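K.L.:
Protein chains in written order, with this note's numbering: chain A, 1 to 116; chain B, 117 to 232. Beta carbons are placed, not taken as given, at the ideal position from N, Cα and C, and that holds for glycine. All values reported here derive from a predicted model rather than from experimental measurement. Dumping the structure here so I can ask a few things about it.
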Amino acid sequence: DTGVSQNPRHKITKRGQNVTFRCDPISEHNRLYWYRQTLGQGPEFLTYFQNEAQLEKSRLLSDRFSAERPKGSFSTLEIQRTEQGDSAMYLCASSLGGGNGIAEAFFGQGTRLTVV
Amino acid sequence: QKEVEQNSGPLSVPEGAIASLNCTYSDRGSQSFFWYRQYSGKSPELIMSIYSNGDKEDGRFTAQLNKASQYVSLLIRDSQPSDSATYLCAVPFLGPGYSSASKIIFGSGTRLSIRP
């Protein structure tokens, strides 16, 4: 399977704990995106990378959230001191990008986080 | 004004009829436009992309783009029960300080229900 892969698929954590999610994009894709989605809403942009560079982070994202893509391949999203409001589906997507155009983004299966 | 706006629905259409889904966007510089389908509990799946004004047809799906009006739509002909899902409109936006790189912003989605 050469699609976008996310791990774990599900995570239940206690409030105040730290969690880390991993995303492996489609191998030739240079752009990688993280989104958060809650019930009845569209995916909310969190951050994105072009190769290893983090080009933008949502202003809505608190300092408890950090993402890395150290070698321009897989990426991790860490949430520190989790709160119940962090419960959501965390989606990763990847695409080819460059110039003025942008190719379609393809999503992984998502990681569902439940903070209890 | 939201960056990407969609009617949340639900939109109920009889089986065999045409379903029409609409989306408006705020960035006049956007060049690419995507439609995704999302079944409950699943991640978004790309179904159409459109880059030029006019219509683009793919099977039962037709995407329509009017850049002057900042409007993109999706028509689904001969609607089937399996088309019941949430349809997400997605548009790349230029990030701050970057001439070409862009994040992809999603609308909140339109819930479509096909009734027998």
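Is the CB of Phe-150/B under 8 angstroms away from at least one CB in chain D?
P.N.:
The chain labelled as chain D is not found among the protein chains of the depicted structure, namely A and B.
K.L.:
Go to Pro-130/B, then tell me how far its beta strand (DSSP E) extends in each direction, as first and last residue.
P.N.:
Within the second sequence, numbered from 1, the residue matching residue 130/B stands at position 14. Looking at the DSSP string, the run of the beta strand (DSSP E) that includes Pro-130/B is 127 to 130.
K.L.:
Which whole runs of the beta strand (DSSP E) in the segment 51 to 77 of chain A are 3 residues long or more, in chain order?
P.N.:
53 to 57, 65 to 68
K.L.:
Give a yes or no on contact between the segment 121 to 136 of chain B and the segment 195 to 203 of chain B, applying the rule of three or more CB pairs nearer than 8 angstroms.
P.N.:
Flag = yes, the segment 121 to 136 of chain B and the segment 195 to 203 of chain B touch.
K.L.:
Could you give the distance in angstroms between the alpha-carbon of Ala-67/A and the alpha-carbon of Ala-133/B?
P.N.:
Position 67 of the first sequence, counting from 1, holds the residue named residue 67/A. Position 17 of the second sequence, counting from 1, holds the residue named residue 133/B. Ala-67/A and Ala-133/B: Cα-Cα distance of roughly 45 angstroms.
K.L.:
Mind checking if Lys-219/B is an interface residue toward chain A, Cβ cutoff 8 angstroms exclusive?
P.N.:
Sequence index remark: in the second sequence, residue 219/B carries index 103 (1-based). Cβ-Cβ to chain A under 8 angstroms: yes for Lys-219/B.
K.L.:
Can you tell me whether Tyr-167/B is buried or exposed, with buried defined as 16 or more other CB within 10 angstroms of its CB?
P.N.:
Within the second sequence, the letter at position 51 stands for residue 167/B. Its Cβ having fewer than 16 others within 10 Å, Tyr-167/B is exposed.
K.L.:
For a test of the three-state rule: what should DSSP assign to Gln-122/B, helix, strand or coil?
P.N.:
By 1-based counting over the second sequence, the position of residue 122/B is 6. Residue state, collapsed to three classes: strand.
K.L.:
If I measure Cβ to Cβ from Leu-77/A and keep anything under 6 angstroms in the same chain, skipping five residues before and after, which residues do I get?
P.N.:
Against the first sequence, residue 77/A aligns to sequence position 77. Here the set comprises Phe-21, Trp-34, Ala-67.
K.L.:
So Val-116/A is in the beta strand (DSSP E); what residue range does that whole segment cover?
P.N.:
Residue mapping note: residue 116/A aligns to position 116 of the first sequence, counting from 1. Run containing Val-116/A: none; DSSP gives neither H nor E here.
K.L.:
With DSSP as the reference, label Gly-16/A as helix, strand or coil.
P.N.:
For the purposes of this step, residue 16/A is taken as residue 16 along the first sequence, with counting starting at 1. Looking at Gly-16/A - three-state DSSP - the assignment turns out to be coil, as it is neither helix nor strand.
K.L.:
For Ile-12/A, does the count of other Cβ atoms within 10 angstroms reach 16, so buried, or fall short, so exposed?
P.N.:
As a working mapping, residue 12/A is identified with position 12 in the first sequence. Result: exposed.
K.L.:
Is there a Cβ from chain B that is less than 8 angstroms from the Cβ of Gln-109/A?
P.N.:
Counting from one through the first sequence, the residue named residue 109/A turns up at place 109. Taking Cβ atoms only, chain B reaches closer than 8 angstroms to Gln-109/A, which makes this a yes.
K.L.:
With DSSP collapsed to three states, give me the class of Gly-175/B.
P.N.:
As a position in the second sequence, residue 175/B is number 59, starting the count at 1. Looking at Gly-175/B - three-state DSSP - the assignment turns out to be coil, as it is neither helix nor strand.
K.L.:
Since Arg-69/A and Ser-75/A are thought to touch, with beta carbons under 8 angstroms apart, how far apart are those beta carbons, to the nearest angstrom?
P.N.:
Position 69 of the first sequence holds residue 69/A. Position 75 of the first sequence holds residue 75/A. Right, their Cβ atoms sit about 4 angstroms apart.
K.L.:
In this structure, how does DSSP classify Gln-84/A when only helix, strand and coil are distinguished?
P.N.:
The residue you call residue 84/A lines up with position 84 of the first sequence. Of the three classes helix, strand and coil, the one that applies to Gln-84/A here is helix, per DSSP.
K.L.:
Sorted by chain position, which residues of the same chain lie with C-beta nearer than 7 angstroms to Ser-224/B's C-beta, five sequence neighbours on each side aside?
P.N.:
The sequence position of residue 224/B within the second sequence is 108, counting from 1. Same-chain partners within the cutoff: Gln-122, Ser-124.
K.L.:
Under 7 angstroms, CB to CB, which of the residues in the segment 155 to 181 of chain B have a partner in chain A?
P.N.:
Ser-159, Pro-160, Leu-162, Ser-165
K.L.:
Which residue or residues does DSSP assign as beta-bridge partners of Val-188/B?
P.N.:
Position 72 of the second sequence, counting from 1, holds the residue named residue 188/B. For Val-188/B, which the question treats as bridged, DSSP gives the partners Cys-139/B, Leu-181/B.
K.L.:
When you compare only the Cα positions, how much space is there between Thr-114/A and Asn-169/B?
P.N.:
What you label residue 114/A is simply residue 114 of the first sequence in a count that begins at 1. What you label residue 169/B is simply residue 53 of the second sequence in a count that begins at 1. Taking the straight line joining both Cα atoms gives about 43 angstroms.
K.L.:
From what residue to what residue does the beta strand (DSSP E) around Ile-163/B run?
P.N.:
Counting from 1 along the second sequence, the entry for residue 163/B is found at position 47. Unbroken beta strand (DSSP E) run through Ile-163/B: 161 to 166.
K.L.:
For a quick check, are the C-beta atoms of Arg-36/A and Glu-28/A less than 8 angstroms apart?
P.N.:
Position 36 of the first sequence holds residue 36/A. Position 28 of the first sequence holds residue 28/A. For Arg-36/A and Glu-28/A, no; Cβs fall outside 8 angstroms.
K.L.:
Provide the residue(s) that pair with Gly-97/A in DSSP beta bridges, ordered along the chain.
P.N.:
Reading the first sequence from its first residue, position 97 is the one you call residue 97/A. Partner(s): Ile-102/A.
K.L.:
In the structure shown, what three-state DSSP assignment does Ser-198/B receive?
P.N.:
Taking the first residue of the second sequence as 1, we reach residue 198/B at position 82. Three-state result, Ser-198/B: helix.
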